[in-house]
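Quick notes on the structure that follows.
Number of protein chains: 2
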Amino acid sequence: MDNNQVTIHDIAAILKIDSSTVSRALNNSPRVAKKTKDKILKKAAELGYQRNHLASNLRKSKNFTLGVIVPRISRHFFSTAIAGIEETAFKAGYTVIICQSLESFEREKSIVETLLANRVDGVLISISMETKNYDHLLGLKQRNIPYVFFDRHCNINENSNVLIDDFDAAFNATQHLIDQKSTTIAHFAGPQNLEIYKNRFKGYKSALEKNNIVFKEELVFTSSLMENDGKLNVQKMMNLSYKIDGLFCANDVIAIGAIKYLKEINIKIPEDIAIVGFSNESISSVIEPALSTINQPGLEIGVAATELLIAKITNEGEKLKNETIIIKTSLIERKSSLRNS
Amino acid sequence: MDNNQVTIHDIAAILKIDSSTVSRALNNSPRVAKKTKDKILKKAAELGYQRNHLASNLRKSKNFTLGVIVPRISRHFFSTAIAGIEETAFKAGYTVIICQSLESFEREKSIVETLLANRVDGVLISISMETKNYDHLLGLKQRNIPYVFFDRHCNINENSNVLIDDFDAAFNATQHLIDQKSTTIAHFAGPQNLEIYKNRFKGYKSALEKNNIVFKEELVFTSSLMENDGKLNVQKMMNLSYKIDGLFCANDVIAIGAIKYLKEINIKIPEDIAIVGFSNESISSVIEPALSTINQPGLEIGVAATELLIAKITNEGEKLKNETIIIKTSLIERKSSLRNS
DNA sequence: CTGTTAGCGCGTTCAA
DNA sequence: TTGAACGCGCTAACAG
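Taken in sequence, the protein lines are chains L and D.
Take the first sequence: its position 232, counted from the start at 1, is 232 in full-length UniProt numbering, and no numbers get skipped.
Take the second sequence: its position 205, counted from the start at 1, is 205 in full-length UniProt numbering, and no numbers get skipped.
Next up, the structure:
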């Protein structure tokens, strides 16, 4: 590797000046004459000089590396977010280490250790389904390594977060069902230790209240996030003695499982039951145009989270205050899901 | 960053030995006495020593960084492959830079430059749809930076590749349709400058020949890889004066577009037309259980490609010969797609 | 087996 | 405005 690469010494030798001057010029320092600076830049371009980041970072004792922890990279939302993260980080000169917790708390814990050992300058994290306490992040705090939660955050206030408007999204989704004359609306909820699912539940409840629909505990089916959970939820729902004509699904994977099973048992969407769910590529494929979906802008979230993190890294001295950025979601209404139109 | 980190000098000072001895011990060199080695390792653990890779890599003039170029990270196949790449690379101590060509040749070209500037030790690449010549990879060759193609490779023999058995997969898919009594089988083909789509086309053709079915040029619809292409292909297909009862789709996105449109115009799958397509999460959601799919093991491919690349990097001196690894795919038959059972 | 010495390439003192 | 010198933390060469 690294063979025949030109260094600041090479160009210093040619120009018969000192390498420190070259370094300054290359870093656009004001403490160097315009004339020599131009000369240096010209020669550098001519020789195809490329800075050795290894050496530069060693000297500055910075790694220019960000750690990213997501439950699973192949989930559409996360891969989209990662696309945004990579792009933003790259533009700012950062490399990204991507790690999957695979929804395991133990794995998440050990990933944090590994990132620490790799001396990342900051961490972006979307916590696992199992994560209920946050002691494993203490190491980051101790070492003064900033981190930003995105999407799946935790309930501690003093953090930086980039989130979607879960409450609003859920509220609007439920309202949308009500607008379509659904009167008995079930909710397939996600793990309640995750704030996002708590908030989606609250939004659902709030929309019912606002429309004077009595909230029934038995219409809420809380589960894990597997396709099979969707199926099981539908089965439980079917055991009720009355008919459900609306369903707000807090997670796309659950929704897919539910929809598949509903089709299997010949229940028509949206005629028999109208559904609104959080969306991803898969879900809109499965049910389009039978279903309205909540669009989760993964890319935007990734970009915003990365920008925030880099800001925290850069302004570290000035103790950037914690910030929570909310990215708006939008409800995509499919025509045929409007039963009364 | 990097504050208060213990270095080999710290532990050398405490133990009153030289830092080079500590370095050797930490690198498990045989040229150090067991007794002192144990002493050093113990003290290192006690102080929580963590190697500074920056310094180490600088000294060794290696970056321990791999570049990855994919068309689009959010495509399920690629995000799965990346999961495998990340994991394998990480275990071997490599960091990964992920870049998206977004199917643009120009972007791919500039990404290669950027990776070069970042002094990656090797590159994994799945070429863009637009890529028809490979001069932009010459820089890698010149600098002796190994690269491995995965999935979307190029037609130059002297490269290393990790591929799926495109021909076989296509052959089996077509054979499967024939076994289901399909007699008039269309093929939705991908860009023919990509070897994988060429081979899938060949496999289709070959299966027809083997079963004494006359190949008709007009049954092959070649297009780009957008959902809308699937729709357009179906429309063209419908313009034929006879009925098509089988369809082999060389790409999942096209397949999704096709299936959606077929449903829209009330053509039943698999009763009216049986379909086999390359699969991903979305497609199996859309059409399961109406469709048989070819399973693409993205994770395996990622792992294999990364292992091969690291082998090439490590054995560089010994001129590891070029190798092509074929990962097997499997045909997943859905029950209801067997019309005659 | 261990210590000495000398960099990897760069950025930042301190002088001049 | 520039140069000389040093050191980031680690490893490799050469002695001993």
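Every residue gets a Cβ at the ideal spot worked out from N, C-alpha and C, and that includes glycine.
Check: K245(L) vs S182(L) beta-carbon contact at 8 Å; Outcome: It should be noted that the sequence gives Asp, not Lys, for residue 245(L). Yes, these two residues count as a Cβ contact at 8 Å.
Check: Endpoints, the beta strand (DSSP E) within which Q100(L) is located; Outcome: T95 to Q100
Check: Per-residue burial, P191(D) [other beta carbons within 10 Å of its own, 16 or more giving buried]; Outcome: buried
Check: Candidates A89(D), K198(D), A169(D) and F201(D): closest to L299(D) by CA position; Outcome: A89(D)
Check: Cross-chain neighbours of H76(L) in chain D, by beta carbon under 7 Å; Outcome: S74
Check: Contact set between the UniProt domain "HTH lacI-type" (6-60) of chain L and chain D, restricted to residues whose Cβ is under 8 Å from the partner; Outcome: Q50, N52, H53, L54, A55, N57 and L58
Check: Opposing strand residues paired with H187(D) [DSSP bridges]; Outcome: V220(D) and F248(D)
Check: Where A117(L) sits in the DSSP three-state scheme; Outcome: helix
Check: Continuous beta strand (DSSP E) assignments of at least 3 residues falling wholly in the region 114-175 of chain L; Outcome: 122-125, 147-150 and 160-164
Check: Where N199(D) falls, given that 16 or more other Cβ within 10 Å makes a residue buried; Outcome: buried
Check: Contacts that S330(L) makes with chain D (C-beta to C-beta distance below 9 Å); Outcome: By Cβ distance, chain D contributes nothing, its closest Cβ being about 19 Å from S330(L), past 9 Å.
Check: Reduced DSSP secondary structure (H/G/I, E/B, other) of I327(L); Outcome: strand
Check: S23(D) in three-state terms, based on DSSP; Outcome: helix
Check: Best match in N172(D), V120(D), I73(D) and S110(D) for proximity to K62(D) [C-alpha to C-alpha]; Outcome: V120(D)
Check: Distance CB(I145(L))-CB(V123(L)) smaller than 8 Å; Outcome: yes
Check: From S279(D), V32(D) and L262(D), residue whose alpha carbon lies closest to that of D272(D); Outcome: L262(D)
Check: Sub-8 Å separation of I267(L) and L247(L) beta-carbons; Outcome: no
Check: Burial state of P270(L), where buried means 16 or more other Cβ atoms lie within 10 Å; Outcome: buried
Check: Rounded C-alpha distance that separates A186(D) from F221(D); Outcome: 8 Å
Check: Pick from K243(L), A258(L), A250(L) and L163(L) that is closest to I325(L), judged by C-alpha positions; Outcome: L163(L)
Check: Opening and closing residue of the alpha helix (DSSP H) in which N295(D) lies; Outcome: Counting along the chain, N295(D) falls outside any alpha helix (DSSP H), though it belongs to the beta strand (DSSP E) covering S292 to N295.
Check: The ligand ADP heavy atom lying under 7 Å from the CB of K141(L); Outcome: Ligands displayed in this structure: none; no statement on the ligand ADP is therefore possible.
Check: Close beta carbons around I156(L), own chain, < 8 Å, minus the five adjacent residues each side; Outcome: Y134
Check: Within-8 Å CB hit, S223(L) to chain D; Outcome: no
Check: Beta-carbon spacing of N159(D), L54(L) below 8 Å; Outcome: no
Check: Given 8 Å, three or more beta-carbon pairs between the region 65-81 of chain D and the region 10-26 of chain D; Outcome: no
Check: Of the listed residues L177(D), S224(D), H153(D) and K202(D), nearest to E323(D) (C-alpha basis); Outcome: H153(D)
Check: Own chain, CB closer than 7 Å to K43(D), minus 5 neighbours either side, in chain order; Outcome: I11, I14 and L15
Check: Secondary structure of A92(D), DSSP reduced to three states; Outcome: coil
Check: Validate contact between the region 68-79 of chain D and the region 75-83 of chain L using beta carbons, cut 8 Å, 3 pairs; Outcome: yes
Check: Within-8 Å CB hit, S128(D) to chain L; Outcome: no
Check: For A274(D): DSSP bridge partner residues; Outcome: G246(D)
Check: Residue range of the beta strand (DSSP E) that includes I69(D); Outcome: T65 to V70
Check: Buried versus exposed call for T114(D) [16 or more other C-beta atoms within 10 Å across all chains shown]; Outcome: exposed
Check: Residue from F188(D), L219(D), K132(D) and K216(D) whose Cα sits closest to the Cα of E227(D); Outcome: F188(D)
Check: Euclidean distance between Cα positions of Q50(D) and V6(D); Outcome: 7 Å
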